[in-house]
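Peer 1: Numbering (the numbering used here), first residue to last: 245 to 344.
If you scroll down you'll find the structure; I have some questions about it.
Given below as structure tokens:
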């Protein structure tokens, strides 16, 4: 049951969401970047929150190498979240420039 919940279902969910967008926006080339970046930003936020929650429950017998690896993951998730936000802001400012 855990295999279905944690390994199979996320892959199915992503593909179903993608094909829903293809149907909704009349083709894969018509999917707005804002929709994709919005979903990516939400995913990065959830990942970062989950890593912070995991940080609170470190086992006491965890060695320094594992802690360093975990902290690197947390920093990478934060950096990716920042990059998505920068791209989103860049898209918004480009959209405002074209309207003006």
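Here a beta-carbon is modelled for each residue, glycine too, at the ideal position from N, C-alpha and C.
Bear in mind the structure is a predicted one, so any value in this text is a computation, not a measurement.
(1) Secondary structure at residue 305, three-state DSSP: helix, strand or coil?
(2) In the DSSP assignment, find the alpha helix (DSSP H) that holds residue 295 and state where it starts and stops.
(3) In chain order, what residues of the same chain have a beta carbon less than 8 Å from the beta carbon of residue 282, not counting five sequence neighbours either side?
(4) So, residue 288 versus residue 321, is the Cβ gap smaller than 9 Å?
(5) Taking only three categories from DSSP, how would you classify residue 271?
(6) Straight-line CA distance for residue 286 to residue 271?
(7) Can you say whether residue 328 is buried or exposed, counting buried as having 16 or more other CB atoms within 10 angstroms of its CB?
(8) Contact check, residue 295 vs residue 318 under 8 Å by CB: the rounded distance?
(9) Relative to the C-alpha of residue 280, which candidate in 292, 293, 264 has its C-alpha closest?
Peer 2: Put simply:
(1) coil
(2) 277 to 300
(3) Taken in chain order, the residues that qualify are 332.
(4) Their beta carbons are under 9 Å apart, which means residue 288 touches residue 321 by this criterion.
(5) coil
(6) 23 Å
(7) buried
(8) Their Cβ separation, rounded to whole angstroms, is 5 Å, which keeps residue 295 and residue 318 in contact under 8 Å.
(9) 264
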